[in-house]
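**Student:** Quick note, the sequences are listed as chains A and B, same order.
Under this note's numbering, the first residue of the first sequence is numbered 52, with each subsequent residue one higher.
Under this note's numbering, the first residue of the second sequence is numbered 52, with each subsequent residue one higher.
The beta carbon of each residue, even a glycine, is placed where N, CA and C say it ideally should be.
2 protein chains.
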Amino acid sequence: MFKKNEINYTDTENCPVRNILDRFGDKWSTLVILILGEQEILRFNELQKKIGTISQKMLTVTLKKLESDGLISRKVYPQIPPKVEYALTELGLSLLPKLTSLVQWANENMSEINSNRAK
Amino acid sequence: MFKKNEINYTDTENCPVRNILDRFGDKWSTLVILILGEQEILRFNELQKKIGTISQKMLTVTLKKLESDGLISRKVYPQIPPKVEYALTELGLSLLPKLTSLVQWANENMSEINSNRAK
DNA sequence: CGGGATCCACGCGGATACTG
DNA sequence: CAGTATCCGCGTGGATCCCG
Numbered sequence: 052m053f054k055k056n057e058i059n060y061t062d063t064e065n066c067p068v069r070n071i072l073d074r075f076g077d078k079w080s081t082l083v084i085l086i087l088g089e090q091e092i093l094r095f096n097e098l099q100k101k102i103g104t105i106s107q108k109m110l111t112v113t114l115k116k117l118e119s120d121g122l123i124s125r126k127v128y129p130q131i132p133p134k135v136e137y138a139l140t141e142l143g144l145s146l147l148p149k150l151t152s153l154v155q156w157a158n159e160n161m162s163e164i165n166s167n168r169a170k
Numbered sequence: 052m053f054k055k056n057e058i059n060y061t062d063t064e065n066c067p068v069r070n071i072l073d074r075f076g077d078k079w080s081t082l083v084i085l086i087l088g089e090q091e092i093l094r095f096n097e098l099q100k101k102i103g104t105i106s107q108k109m110l111t112v113t114l115k116k117l118e119s120d121g122l123i124s125r126k127v128y129p130q131i132p133p134k135v136e137y138a139l140t141e142l143g144l145s146l147l148p149k150l151t152s153l154v155q156w157a158n159e160n161m162s163e164i165n166s167n168r169a170k
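Structure below.
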């Protein structure tokens, strides 16, 4: 029934599962990717308004991390006032379907989870 | 290119995306579900050994949360010493493919992400 | 064996002020 | 506009001890 490749979850450094969870287990990364997947290109302030409750600091930190991971691109227009555009890279786009699939599940099952919790 | 259902990400309470991220954005939930999906049934200590680095407290907390969400089941054998078995519920099983899909992506792309980060 | 109960450190993340 | 810098509360999560 289940293929057992016997993943070694103990090895935090090399286990991709642990790695990805450490990376996207934070509060904002996944959300930013989802929003960029929906809108294609967004400026810093547009992202912040979209999310609504994120602070400038955390949006900056999150974007930098995702950029250094190669998941999003950052395009700076050298003008005053500055203009910076963020978008998903190819790598980010390849991740997107996996996340939207998760979102779809969330949409379908959140009410059941909530009613379970209420008990 | 993109269907725009215009999700309101600002509404933390009602947005399923925000909800699921708040719920599985912790350090261990996703990992526990993945391991239970692989092994079907596991006892408390077996789970702890599988994960390796989780503390008793966090495993307890995580299991309780997942149980109250209705994602895993908890079967107690009233004997001494006690025996408790954990497994995925139907709901948990329905989530599993979405997570393994994410794991697959992680396996395929983790090396690229790591080399990106190194720059 | 499978937890409960406490204590506590650390770091995530918010609030605020400032800048090119 | 798009950040940077700093301070700091608070919750996550680890360590330890105890119990049925």
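Starting from lysine 134(A), follow its DSSP beta bridges and name the residues at the other end.
**Tutor:** DSSP lists Tyr128(A) as partners of lysine 134(A).
**Student:** Give the residues from the region 99 to 130 of chain A that approach chain B closer than 7 Å (Cβ to any Cβ), ordered along the chain.
**Tutor:** Against chain B - using a Cβ distance shorter than 7 Å - the residues of the region 99 to 130 of chain A are Lys101, Ile102, Gly103, Thr104, Ser119, Asp120, Gly121.
**Student:** Would you say the region 129 to 140 of chain B touches the region 92 to 100 of chain B, given that touching needs at least three Cβ pairs under 8 Å?
**Tutor:** They touch, by the three-pair rule.
**Student:** Answer with buried or exposed for proline 67(B), where buried requires no fewer than 16 other C-beta atoms within 10 angstroms of its C-beta.
**Tutor:** The residue in question, proline 67(B), is buried, as its Cβ has 16 or more Cβ neighbours within 10 Å.
**Student:** Using 8 Å as the limit for Cβ to Cβ distance, is leucine 87(B) near chain A?
**Tutor:** No, no contact with chain A.
**Student:** Could you give the DSSP three-state label for isoleucine 92(A): helix, strand or coil?
**Tutor:** Correct three-state label for isoleucine 92(A): strand.
**Student:** Would you kindly check if the distance between the Cβ of leucine 142(B) and the Cβ of asparagine 160(A) is under 8 Å?
**Tutor:** Yes.
**Student:** Residues in its own chain within less than 6 Å of valine 127(B) by CB, not counting five upstream and five downstream?
**Tutor:** Hits under 6 Å: Val135.
**Student:** On the CB-based measure, 16 or more other CB atoms within 10 Å of its CB, does lysine 101(A) come out buried or exposed?
**Tutor:** Flag for lysine 101(A) reads buried.
**Student:** On the CB-based measure, 16 or more other CB atoms within 10 Å of its CB, does serine 162(A) come out buried or exposed?
**Tutor:** Classification for serine 162(A): exposed.
**Student:** Report the option in Ile86(A), Gln130(A), Pro129(A) whose CA atom is closest to the CA atom of leucine 110(A).
**Tutor:** The candidate whose alpha carbon is nearest that of leucine 110(A) is Ile86(A).
**Student:** Kindly give me the distance between the Cβ atoms of threonine 140(B) and serine 124(B), rounded to whole angstroms, as I take these residues to be in contact under 8 Å.
**Tutor:** The Cβ separation is near 5 Å, so the contact holds.
**Student:** Starting from lysine 170(B), follow the alpha helix (DSSP H) in both directions and report where the run begins and ends.
**Tutor:** Unbroken run through lysine 170(B): none, as it is neither H nor E.
**Student:** Sort out for me which residues DSSP pairs isoleucine 123(B) with in a bridge.
**Tutor:** Isoleucine 123(B) pairs with Leu139(B).
**Student:** Buried or exposed: aspartate 120(B), going by 16 or more other Cβ atoms within 10 Å of its Cβ?
**Tutor:** So aspartate 120(B) counts as buried.
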